[in-house]
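Single-structure report; data block below.
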Ligand code: PEP
Ligand code: MN
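Numbering (the numbering used here), first residue to last: 27 to 361.
In structure tokens:
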């Protein structure tokens, strides 16, 4: 971090700034020029509050030269993180398929879809029980009954389950859930992130629809800094001026986030496009770009789905897609 001081800084204020930085184990290297003095700050500056320094009378400008996230940073953790969910490994070069309906609707529905996606090669079952809906009048999910049905589907198929948690108070209900999804709308629910940091459960963290990569990595940092290393990043499209697709899918996030961070990166082509006919091509593109996994909405009867039917593919389409994905993965394998 670099702190540029105003001309003729007040000595008492400067001394107190230097003292304060020293107390945080930051080494300060001053460069005194004829017009300006610049302080080079060396050490773990991720905990130094830029706004606090910028607000000082003696400070002209502050520039970060190092990313503000340390735990999520590839520089400090060169090896890929592999998140383990039972026998399933997410990250480190494999393509993990998470599939299932947007929301759990009935026992027959979730067990039927679970069996179908498993037969086609899915390794994790998804299904929303608590649904974050834009309208309070829309279906809010089966809630606790939805979790019970997911657990029945897990028992019937052996597939680990991934479902969304909306509030830290729900944690006791998620004891047997394998992957806790934090949805796009909750990516910056910092009290939820802090609570998840205290668990050791894998967390699938979706990028907020108006959040940058840095915002996403800072949210991951909350969970990692709490002591939970099991974070999976998920791109699900962001809001842009384009209205043809539901959101805009940023596939450049795969090489970008992988360069910035060691965490696994998975892609959600369903919420990103909002159109089932676009899902297979975007899933293939993500696999070709090196995604660690995909989360795909699959429904047995999309026109009658209670949530996100237009973007849900059928089990038959999922099966066809998986055969293509295997071919793509084999084609880009480096060994
Ligand atoms: C979902 O996975 O069904 C969901 C609501 O996702 P997102 O938070 O990305 O909208
Ligand atoms: Mn959905």
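Even glycine gets a Cβ: it sits at the ideal position worked out from N, Cα and C.
Only a predicted model underlies this, so the values are computations on that prediction, with no experimental measurement involved.
- It is roughly 20 Å from the alpha-carbon of residue 33 to the alpha-carbon of residue 47.
- For residue 48, there is no enclosing beta strand (DSSP E); the residue is found in the alpha helix (DSSP H) stretching over 37-49.
- Partner residues in the beta bridge of residue 126, as assigned by DSSP, are 323.
- Going by C-alpha positions, residue 120 is about 6 Å away from residue 318.
- In the three-state scheme derived from DSSP, where H, G and I count as helix and E and B as strand, residue 328 is classed as helix.
- With a contact defined as Cβ atoms closer than 8 Å, residue 281 and residue 316 qualify at about 7 Å.
- Relative to the ligand PEP, the beta carbon of residue 273 is positioned no closer than 6 Å to any heavy atom.
- Rounded to whole angstroms, the separation of the alpha carbons of residue 126 and residue 132 is 13 Å.
- Out of 336, 328 and 304, the CA that lies nearest to the CA of residue 347 is found in 304.
- Distance from the CA atom of residue 206 to the CA atom of residue 276, rounded to whole angstroms, is 23 Å.
- Taking a cut-off of 5 Å from the heavy atoms of the ligand MN, the residues with a C-beta inside it are 128 and 334.
- Around residue 109, the same chain offers 116, 117, 228, 256, 258 and 290 as residues with beta carbons nearer than 7 Å, after the five sequence neighbours per side are excluded.
- As for any beta strand (DSSP E) of minimum length 3 sitting wholly inside the segment 268-329, the runs are 291-293 and 319-323, ordered along the chain.
- Nearest C-alpha to residue 313 among 85, 215 and 349: 349.
- In its chain, beyond the 5 residues on either side, 67 and 69 have a beta carbon closer than 6 Å to the beta carbon of residue 52.
- Distances from the CA of residue 156 to each of 244, 140 and 176 were compared; the closest alpha carbon is that of 176.
- Sixteen is the threshold: when 16 or more other Cβ atoms of the shown chains lie within 10 Å of the Cβ of residue 288, as they do, the residue is buried.
- Among the bridge pairs identified by DSSP, residue 28 is matched with 66 and 89.
- One Cα belongs to residue 327, the other to residue 167, and the distance between them is close to 17 Å.
- The beta carbon of residue 262 sits closer than 6 Å to at least one heavy atom of the ligand PEP.
- A buried status is given to residue 196, since no fewer than 16 other beta-carbon atoms sit within 10 Å of its beta-carbon.
- Looking at the DSSP output, residue 207 sits in a beta bridge with 190 and 230.
- Straight through space, the alpha carbons of residue 271 and residue 164 are spaced by roughly 21 Å.
- Note on residue 253: under 16 other CB atoms within 10 angstroms of its CB, so exposed under the neighbour-count rule.
- Within the segment 137-166, no run of alpha helix (DSSP H) reaches 4 residues while sitting entirely inside it.
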